[in-house]
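Novice:
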Amino acid sequence: MTEQDTFTKVDRDAFTHEHLLGIETLSAEEINIILDLADYYADRLDDRAFKPNILQDQIVLTLFFEDSTRTRTSFEMAAKRLGADVVNIDLRTSSLSKGESLTDTIHTLHSMLRPDAIVVRHSEYGAPSFISSLVNCPVINAGDSWHEHPTQALLDALTMRRQFGDIEGKKVAICGDISHSRVAASNMILLSKLGAEVHIVAPPVLMPEKLPEGCATEQIKKFDNIEAGIKDCDVVMMLRNQMERMQAGLIKSEREFFEEYGLTKERLALAKDDAIVMHPGPMNRGVEIADDVADDPKHSMILEQVRNGVPTRMAVMDILMKENT
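This is the structure:
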């Protein structure tokens with residue numbers, strides 16, 4: 634029996650979910666089960682001879698109703714590293730464009746392919762949960778509207794944990810368009826559950842009135858000043874302004890936003906000396922982050938986040954799909 638087999642045998646009973654629809658429903662223990670297995674896979678990511686093939690002959694169906702490069706490619710690579718077959722459906726040329734309902738499309742694809750898991754990104758709040766009610770295989774939320782993006786929060790947590798060893802007690806600033814960001818929502822829930830102090834930093838028009846369900850609210854502090862929000866933080870996570878989801882005119886100009894809320898070298902100096910900079914991508918350089926910060930070899934962990942997407946999604950599919958074999 635391999636180390637990986639031992640891990641999943643010991644810890645699987647503590648993970649009680651058929652799907653991964655959000656961080657909200659996960660306990661701290663369940664989050665750490667995923668992160669522990671992701672850490673195992675991350676240590677072996679560069680070993681091309683490491684081919685566990687635990688999902689051999691299984692099918693992963695990816696349904697991306699919104700454009701994505703990083704997330705879709707990361708899920709595809711993760712599935713292939715585990716030996717699964719991947720079917721990507723181009724929804725721009727699907728029957729949905731001809732007026733077919735989402736329900737009929739899902740039923741058709743499910744009957745045709747008999748997938749062992751479905752990865753869904755959708756612009757509608759709660760769409761992955763709705764799809765999970767139509768199928769008899771695990772559904773993984775790859776981002777729905779401004780609701781949640783659970784695997785992004787998990788890979789962010791993996792990045793922090795591999796850098797610092799632990800998340801509990803760390804100060805994490807999440808800065809930018811908090812109101813419209815599913816990444817911010819999932820990170821607030823996850824980080825507060827794991828005992829981090831979370832600073833959310835945004836202009837008042839981009840600050841949510843209510844925190845996401847599932848947050849440990851006592852762990853979260855709001856700031857409308859970036860200098861105050863990132864002071865003495867271990868992690869500074871910048872977010873893209875979700876222009877496609879916000880009302881016109883909320884941001885006067887990109888130049889003014891950068892002047893007030895952009896992460897510069899001078900502002901980063903207010904954080905801890907060993908602070909790391911993160912961004913879920915895609916970045917808008919010169920809007921939320923300066924070039925020399927994004928590319929800083931000492932502080933920037935942005936490419937490490939991208940790298941950690943594969944082992945994190947390997948862990949999620951391992952846990953959910955092996956449970957169904």
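Each residue of the sequence shown is one higher than the one before, starting from 634 at the first, in our numbering. Heads up, the beta-carbon is just placed ideally off N, CA and C, and yes, glycines get one too.
1. With a Cβ-Cβ cutoff of 8 Å, do I863 and V910 count as a contact?
2. Looking at the strands, I want to know which residues DSSP matches up with F697.
3. In whole angstroms, give me the CA-to-CA distance for D799 and E757.
4. Roughly how far, in whole angstroms, is the beta-carbon of G847 from the beta-carbon of E657, given that I think they are within contact range, below 8 Å?
5. Just grab the DSSP bridge partners of D718 for me.
6. Using beta-carbon positions only, say whether D810 and Q852 come within less than 8 Å of one another.
7. Taking A675 as the reference, give the member of S814, K854 and T792 with the closest Cα.
8. Would you kindly check if the distance between the Cβ of R794 and the Cβ of L694 is under 8 Å?
9. Under the DSSP definition of a beta bridge, which residues are partnered with F856?
10. How close, in whole Å, do the beta carbons of Y894 and E860 come, if the pair is a contact with beta carbons under 8 Å?
11. Output needed for H650: all residues of its chain with C-beta closer than 8 Å, excluding positions within five of it in sequence on either side, in chain order.
12. Could you pull out every residue in the same chain whose Cβ sits closer than 6 Å to the Cβ of E942, ignoring the five residues on either side in sequence?
13. What residue from G655, L654, I666 and L653 has the CA that sits closest to A647's CA?
14. For the alpha helix (DSSP H) that contains V926, what are its first and last residues?
15. Residues in its own chain within less than 6 Å of I764 by CB, not counting five upstream and five downstream?
16. Could you tell me which residues DSSP puts in a beta bridge with I773?
17. Whose CA, out of D857, D737, R888 and L653, lies closest to the CA of M840?
Specialist: Answer, in terms of the structure:
1. Translated into positions along the sequence shown, residue 863 becomes position 230. Translated into positions along the sequence shown, residue 910 becomes position 277. Not in contact: I863 and V910 (Cβ atoms no closer than 8 Å).
2. The sequence position of residue 697 within the sequence shown is 64, counting from 1. F697 is bridged to R754.
3. Position 166 of the sequence shown holds residue 799. Position 124 of the sequence shown holds residue 757. Roughly 34 Å between the two C-alpha positions.
4. The residue you call residue 847 lines up with position 214 of the sequence shown. The residue you call residue 657 lines up with position 24 of the sequence shown. The beta carbons of G847 and E657 sit about 3 Å from each other, so the pair counts as a contact at 8 Å.
5. Residue mapping note: residue 718 aligns to position 85 of the sequence shown, counting from 1. Answer is I692, bridged to D718.
6. For the purposes of this step, residue 810 is taken as the residue at position 177 of the sequence shown. For the purposes of this step, residue 852 is taken as the residue at position 219 of the sequence shown. For D810 and Q852, no; Cβs fall outside 8 Å.
7. Here residue 675 refers to the residue found at position 42 of the sequence shown. Per the C-alpha coordinates, the member of S814, K854 and T792 positioned closest to A675 is T792.
8. As a first step, residue 694 must be located in the sequence shown, where it is residue number 61. As a first step, residue 794 must be located in the sequence shown, where it is residue number 161. Contact flag unset, no.
9. Here residue 856 refers to the residue found at position 223 of the sequence shown. F856 pairs with V834.
10. Working through the sequence shown from its first residue, we reach residue 894 at position 261. Working through the sequence shown from its first residue, we reach residue 860 at position 227. Actually they are not in contact, since the Cβ atoms of Y894 and E860 sit about 10 Å apart, beyond 8 Å.
11. Locating residue 650 in the sequence shown gives position 17, counting from the first residue. Contacts found: T658, L659, E663 and L953.
12. If you number the sequence shown from 1, residue 942 lands on position 309. In the sequence on display, residue 942 carries Gly and not Glu. Within the same chain, G942 has close Cβ partners S707 and L788.
13. Position 14 of the sequence shown, counting from 1, holds the residue named residue 647. With distances taken between Cα atoms, A647 lies closest to I666.
14. Working through the sequence shown from its first residue, we reach residue 926 at position 293. V926 -> alpha helix (DSSP H) spans D924 to A927.
15. Indexing the sequence shown from 1 puts residue 764 at position 131. Counting only Cβ-Cβ distances below 6 Å, and skipping sequence neighbours, we find I739, V753 and V772.
16. Looking up residue 773 in the sequence shown gives position 140. Its beta-bridge partners are L653 and V752.
17. Taking the first residue of the sequence shown as position 1, residue 840 is located at position 207. Checking every option, the nearest Cα to that of M840 belongs to D857.
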